[in-house]
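**Q** Below is a structure I'd like to ask you about.
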Amino acid sequence: MAYSIVERTDQPYGPWYDFATASGVYNWGYSDANDGAWGYLQLYDSGCKVDSGWNCTAACLDTEIGPNLLWNTTGTGYTMQNCIVLPFIAALLAASDLTPTAVKLAQKYQIAPDSSLFNSSNASAISWPVINNCINQFCEGNGASTPGCDTSHAPNQDAMLWYTFTPNATYYEDGDGQNYTQNITFDGITFNSGLCYDLNAGYDSIHLINGDIGGIGMFVSYLMQMFIILSAWLLYHFYETWARWPVAVTLIPFHGPRKASVLAKQAQTSLRVSDHAAALVSALDEMQKAQVFFMLAVQIAALIALQNPTYIQATSWQQLFNNYGILFNLAFGGMLPVVFAMLIKRLAGTTAVYTIIVSTCCVIVSSVTWFLTWNANPDPDTSIVYTGPPIPQCAGIAPTKFCYQYGWFYANADATSKAFPMLVFCWVVQLCLILDVITLFLVKDPDGSESKGNCFQWVEQKVLRMPFWTTYDDKHFNQSRWRTMLHFDTGERMVRLLQSCIIFATECGFVGLNVVLITDYAHLLLVNDFQTLDLKNWTLGQVIAVTIWVPVFLEYLYIAAGGPEAIYKGRLHKDFEVVRKGSTQEGHAPHDHDDREKLSATVSSSAVELTHVEPVTRPGYERVNSQAWP
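Just add 21 to the spot in the sequence shown (first one is 1) and you have the numbering used here.
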């Protein structure tokens, strides 16, 4: 019975051949016909490389030069896999049980006939000296921080080894293979295949995300950032329009529908001009500046790490790719909440050019981070560091470096925010916010005079001047009430309805994406089977990251309690003062038809559109020159 050997140039489970995949060659749980476990013998041409040729005998058996050939190369995983099957190939070669093609392949890899390397009745007779010497020496100095050193095999592998090799690939593929396989069973484990087991944040940070960008305090801060923005959005709409609905429902049993509606609108108006509403706008402005510079610092740190992966200080492939995986979240976190906060500020009528500029810079830098992360291809050999005791049997390379649980959901800090449409959405909204403050076009004011306006106002006025709308207005004059209720009665109201729908859809998009990002962050914070964060590592930097949002919250409480005048007086020069302005609640321009105007609903333009609102805060405050100035 002659056995075949398959030579392979790659492997299907990931970008690099990691420790678990290489040692899994004898894991009976694999069922791929191309694997060495349930399939036929295989050798990788990326393993056992020596100069321009191959020498598996030296790499796997020579304890002098073998450590360098096995551990200190770019093809360590492939060499390890070749070393695992070497005793079987050597024994089959000595017994003349290889096909002529397989014999030539064994000679190519310099595998010599040797029956002493393999004894089916004695597990200790299997010769993997270079692998075992390295693992044993590493565990002597790092056993306390590597729980896998206390195991003898991977948790999904039986303690009794069961090798199953198929002598001929044709028989395996065309038949059931039952009569052409050889089962080789051992009563014990020959080397520790479970070395990478349970390597999480609690064990020497093997898989821990770098604390500078992903410590426990940093991720709590990221979550706080998202919750603050969502809370600001909810409070803004509650102060602006939503409060009247629960008030009306509460008052209907006592006052009836009509009076309850009137009282609810009065309560909404009072809330809209209250100190709480002013406090929200002021705190949101402070929040925007704080999050912009905080996220800029995070993006700069991420860009430095992308430029030089050794700054991440990863000790394993798993930790390296966990850090790269979370960079997508951090890049998206530098865009989504920043643009969302700018949209809320615009709806509140408090857009400032300075805030637009710094926010745009943050979005640009975050976009660069996202694209560089997408295109990143870190070297898995030069990007890993080891700071433990000397391990000459491993050529100075920790075997846990090659730990990477490819394909395990909980083993990878992967990001949901990889989708390109997410970025496009943020860019489009940010571009609209920028165009909104650029006033280069002549537009007509309600009094008939001309002034500078933005492109949205200019386009709207051009559209509304089209003859079609005059015909439409005349055609639907004095039509049914439902047209007025649905804002279909005039061209102007239809345009404004379209604007409202666009903004509503935009806000829904932001809320949905916020939930996606929060879910990603929570996935890393919540304890699961494979930790990537040290939940107890509260260093000074982590505490500072959390407290960065405290001033925003305190300012909101202070202004809400004492009024905006109290805080702004302390920020102005003595020759300026704060003046409370009357609330401006602009309605729509009057329509030519008086009877239809009575049916028109007066809507706060700042709550529904970007193009019809002046930057006025309710209540408004302005700086006026003191009498000390001539």
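Built from N, CA and C at the ideal position, the CB exists for glycine as well.
1. With a 10 Å radius around its C-beta and 16 neighbouring C-beta atoms as the bar for buried, classify Gly-196 as buried or exposed.
2. DSSP three-state call for Ser-472: helix, strand or coil?
3. From the DSSP secondary-structure annotation, give me the bridge partner or partners of Lys-465.
4. Classify Phe-109 as buried or exposed, calling it buried when 16 or more other Cβ atoms lie within 10 Å of its own Cβ.
5. Taking the DSSP output, what are the residues bridged to Gly-74?
6. Under the rule that 16 or more other beta-carbon atoms within 10 Å means buried, what is Gln-312, buried or exposed?
7. Run through DSSP, which three-state label would Ala-432 get?
8. Tell me the DSSP bridge mates of Glu-85?
9. Evaluate Met-181 with the Cβ neighbour count: other Cβ atoms within 10 Å of its Cβ, from every protein chain shown; 16 or more gives buried, anything less gives exposed.
10. When the Cβ atoms of the segment 377-384 are set against those of the segment 350-365, are three or more pairs found closer than 8 Å?
11. Assuming Gly-98 and Ala-43 form a contact by the criterion Cβ under 8 Å, report the distance between their Cβ atoms to the nearest whole angstrom.
12. Three-state secondary structure (DSSP) at Arg-367?
13. What does the alpha-carbon distance come out to for the pair Tyr-243 and Tyr-542?
14. Is His-633 helix, strand or coil by DSSP?
15. Cβ atoms of Ala-123 and Ile-41: under 9 Å apart, would you say?
16. Who are the Cβ neighbours of Ser-303 in its own chain at under 7 Å, not counting the five residues just before and after it?
17. With Ala-654 and Ile-234 assumed to form a contact (beta carbons below 8 Å), what rounded beta-carbon distance in angstroms separates them?
18. Given a cut-off of 9 Å on the beta-carbon distance, is the pair Gln-339 and Thr-390 in contact?
19. In chain order, what residues of the same chain lie with their CB nearer than 8 Å to the CB of Ile-273, ignoring the 5 residues before and after it?
20. Leaving aside the five residues before and after Leu-341 along the sequence, list all residues of the same chain whose C-beta is less than 8 Å from its C-beta, in chain order.
21. Are the CB atoms of Ile-377 and Ile-455 within a distance shorter than 9 Å?
22. Assuming contact is defined by CB atoms lying nearer than 9 Å, are Ala-566 and Val-151 in contact in what I supplied?
23. Can you give the Cα-Cα distance for Thr-527 and Asp-596, rounded to whole angstroms?
24. Provide the residue span of the alpha helix (DSSP H) that contains Tyr-375, from first to last.
25. Applying the 10 Å Cβ sphere with the 16-neighbour rule, what's the burial state of Ala-165?
26. Report the rounded CA-to-CA distance for Lys-590 versus Val-600, giving the unit in angstroms.
27. Along the chain, where does the alpha helix (DSSP H) containing Tyr-577 start, and where does it finish?
28. Would you kindly report the start and end of the unbroken beta strand (DSSP E) that includes Ile-26?
29. Identify whether Gln-334 lies in helix, strand or coil by the three-state DSSP scheme.
30. CB-CB under 6 Å to Asn-396, same chain, minus the five flanking residues each way: which ones, in chain order?
31. Given that a residue counts as buried once 16 or more other Cβ atoms are within 10 Å of its Cβ, and exposed if not, what is Thr-540?
32. With distances taken from CA atoms, which of Ile-230, Gly-169, Met-245, Arg-279 is nearest Asn-213?
33. Please identify the residue among Met-515, Tyr-345, Ser-472, Lys-310 whose C-alpha is closest to the C-alpha of Val-484.
34. Looking at the structure shown, is Val-600 part of a helix, part of a strand, or coil, going by DSSP?
35. Should Gly-469 go down as buried or exposed, given a rule of 16 or more other Cβ atoms within 10 Å for buried?
36. Look at the alpha carbon of Thr-262 and the alpha carbon of Val-480, and state the distance between them as a whole number of angstroms.
**A** Here's the rundown:
1. Any reading at Gly-196 must be qualified, since the residue scores a pLDDT of 39, below 50, and its modelled position is unreliable; no value is offered.
2. strand
3. Glu-471
4. The residue in question, Phe-109, is buried, as its Cβ has 16 or more Cβ neighbours within 10 Å.
5. In the DSSP assignment, Gly-74 is bridged to Val-71.
6. buried
7. Below a pLDDT of 50, predicted positions are generally treated as unreliable, and Ala-432, at 48, falls in that range; no measurement from the model is reported.
8. Glu-85 is not bridged to any residue.
9. Bear in mind that the predicted position of Met-181 carries a pLDDT of just 36, short of 50, making it unreliable; the figure below should be weighed with that in mind. Under the 10 Å beta carbon count, Met-181 is surrounded by fewer than 16 other beta carbons and is classified as exposed.
10. At 8 Å Cβ cutoff, the stretches touch.
11. About 4 Å separates the two Cβ atoms, so the contact holds.
12. helix
13. Straight-line Cα distance between these residues: approximately 8 Å.
14. Note on His-633: pLDDT 38, under 50, position unreliable in the model; the coordinate value appears next. Three-state DSSP puts His-633 in coil, outside helix and strand.
15. Reading off the sequence, residue 41 comes out as Ala, not Ile. For Ala-41 and Ala-123, no; Cβs fall outside 9 Å.
16. Glu-576, Ile-580, Pro-585
17. Past the boundaries of the shown model lies residue 654; the chain is included only from 22 to 651, so the question cannot be answered.
18. It is not a contact, given that the beta carbons lie outside the stated cut-off.
19. Annotation for Ile-273: Ala-281 place their beta carbon closer than 8 Å to its own, counting only its chain and skipping 5 residues before and after.
20. Pro-330, Ile-333, Ala-335, Pro-399, Pro-401, Ser-404, Ile-405
21. For Ile-455 and Ile-377, yes; Cβs fall inside 9 Å.
22. no
23. 42 Å
24. Its alpha helix (DSSP H) spans residues 374-395.
25. Counting of Cβ neighbours within 10 angstroms places Ala-165 among the exposed residues, the total staying below 16.
26. 10 Å
27. That run of the alpha helix (DSSP H) goes 571-583.
28. 26-29
29. Taken through DSSP and simplified to helix, strand or coil, Gln-334 comes out as coil.
30. none
31. exposed
32. Ranking Ile-230, Gly-169, Met-245, Arg-279 by Cα distance to Asn-213 puts Gly-169 first.
33. Met-515
34. strand
35. exposed
36. So the alpha carbons of these two residues sit roughly 28 Å apart.
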